[in-house]
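Data first, discussion second: the structure below is written as structure tokens.
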Amino acid sequence: MERVAWRTYPGRIELAKTIAADYDAVLLESLRPLFAIRAKNDFSATRAKDDLKLLARAGLKAALVFHGSDIRDTQAHAAREEFSPYRNPIDPQILRRLQERAETTRTVALELGRAGYPLLVTTPDLFIELPTATWLPIAIDFETFANMGKASPAFTESGPLRVLYQPSRGWLKSHELIEPVLHNLEHEGLIRLVPNDPVEHSKMPARIASADIVIDRFDGITGVLTAEALACGRAVIANVAPWAHVRAEVVAPVHHATPATLGNVLRTLANERQQLNAAVDSNREFVRTWHDGRMSAERIKSALQLK
Numbered sequence: 068m069e070r071v072a073w074r075t076y077p078g079r080i081e082l083a084k085t086i087a088a089d090y091d092a093v094l095l096e097s098l099r100p101l102f103a104i105r106a107k108n109d110f111s112a113t114r115a116k117d118d119l120k121l122l123a124r125a126g127l128k129a130a131l132v133f134h135g136s137d138i139r140d141t142q143a144h145a146a147r148e149e150f151s152p153y154r155n156p157i158d159p160q161i162l163r164r165l166q167e168r169a170e171t172t173r174t175v176a177l178e179l180g181r182a183g184y185p186l187l188v189t190t191p192d193l194f195i196e197l198p199t200a201t202w203l204p205i206a207i208d209f210e211t212f213a214n215m216g217k218a219s220p221a222f223t224e225s226g227p228l229r230v231l232y233q234p235s236r237g238w239l240k241s242h243e244l245i246e247p248v249l250h251n252l253e254h255e256g257l258i259r260l261v262p263n264d265p266v267e268h269s270k271m272p273a274r275i276a277s278a279d280i281v282i283d284r285f286d287g288i289t290g291v292l293t294a295e296a297l298a299c300g301r302a303v304i305a306n307v308a309p310w311a312h313v314r315a316e317v318v319a320p321v322h323h324a325t326p327a328t329l330g331n332v333l334r335t336l337a338n339e340r341q342q343l344n345a346a347v348d349s350n351r352e353f354v355r356t357w358h359d360g361r362m363s364a365e366r367i368k369s370a371l372q373l374k
């Protein structure tokens with residue numbers, strides 16, 4: 068897969084011709100233009116409308132999908148969520164740019180939604196920004212993570228719990244609040260932190276399988292890491308905020324915690340290894356049902372009215 072924004076202008080023209088000739092529909096992510104033919108160096112959400120017009124003239128259907136910070140109202144999130152990373156970002160300039168792009172994207176997305184374009188969101192909190200959207204469950208390579216977990220079961224050691232905290236973008240995952248708690252518990256001998264240096268995604272199954280418990284995000288929702296860890300047979304800790312799940316169809320079977328309660332939750336789980344092990348199969352089945360790609364494919368087909 069190639070990121071289209073990196074293509075030369077002639078390459079984008081060829082891409083437009085190929086898609087028009089060989090495809091029936093396009094799923095446009097985050098309102099990032101595929102072609103940017105009318106404005107060579109402008110990949111804004113506003114320019115994505117040009118792409119949609121080109122696709123429509125070619126007879127292709129299109130739907131729009133959003134994942135989180137691409138469209139989220141960061142100021143509203145900070146007002147709702149006590150542990151929002153947007154309250155005190157490590158890099159205010161990054162947040163400012165993020166806010167500006169997300170605001171433009173929201174405006175254009177709402178306009179396109181009113182015009183009849185299907186809107187899809189991968190996290191339930193985004194119904195606040197896009198009330199008419201449909202939930203699109205994230206999809207993972209279920210079999211790879213499940214097989215890795217079965218080959219290396221969790222909760223088999225009697226010593227400290229092996230804990231993985233793998234922030235992908237630290238300034239969005241509240242790591243400055245989490246890491247001191249984890250280091251204190253490791254010093255006590257309650258947990259053992261497994262390496263969390265950046266790795267290619269192909270190595271994530273083995274990385275997750277090296278832990279008993281995986282800590283996901285604390286901004287109110289769960290993400291891809293939660294699905295991967297549950298498929299791998301690991302227990303997951305995350306902040307599942309009620310406000311973010313008002314319209315959620317399902318809630319992932321994770322152990323709720325905030326940065327303020329994380330230490331106590333880990334202490335409790337350290338004494339519940341039998342119960343954690345007993346939940347592995349049902350947790351894995353949850354991921355198979357919602358996140359192995361079948362449900363996602365059906366919702367995309369429905370949104371685009373494909374046979």
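When you read off a place in the sequence shown, starting at 1, and then add 67, the result is the number in the numbering used here. Glycine residues also receive a C-beta, built at the ideal position from the N, C-alpha and C atoms. It should be emphasised that the depicted structure is a prediction, and the values quoted were computed from it without experimental measurement.
- A buried status is given to S136, since no fewer than 16 other beta-carbon atoms sit within 10 Å of its beta-carbon.
- With a threshold of 16 other beta carbon atoms within 10 Å, L193 meets it and is buried.
- Out of G256, P320, T293, P234, the CA that lies nearest to the CA of P265 is found in P234.
- According to the DSSP assignment, E243 belongs to the alpha helix (DSSP H) that extends over 242 to 255.
- Between the beta-carbon of R351 and that of L297 there is about 6 Å, and that keeps the pair under the 8 Å contact cut.
- The shortest C-alpha to C-alpha distance from V347 to any of K374, E365, E295, I138 is the one to E295.
- Per DSSP, reduced to three states, the secondary structure at K107 is coil, with no helix or strand assignment.
- The C-beta of Y232 has 16 or more other C-beta atoms within 10 Å across all chains shown, which makes the residue buried.
- Note on geometry: alpha-carbon atoms of S151 and K107 lie some 36 Å from one another.
- F133 carries a strand assignment under DSSP once its states are collapsed to helix, strand and coil.
- Residue A125 holds the alpha-carbon nearest to the alpha-carbon of A83 among I157, A125, E243, A364.
- Taking all protein chains shown into account, G290 has 16 or more neighbouring C-beta atoms within 10 Å of its C-beta and is therefore buried.
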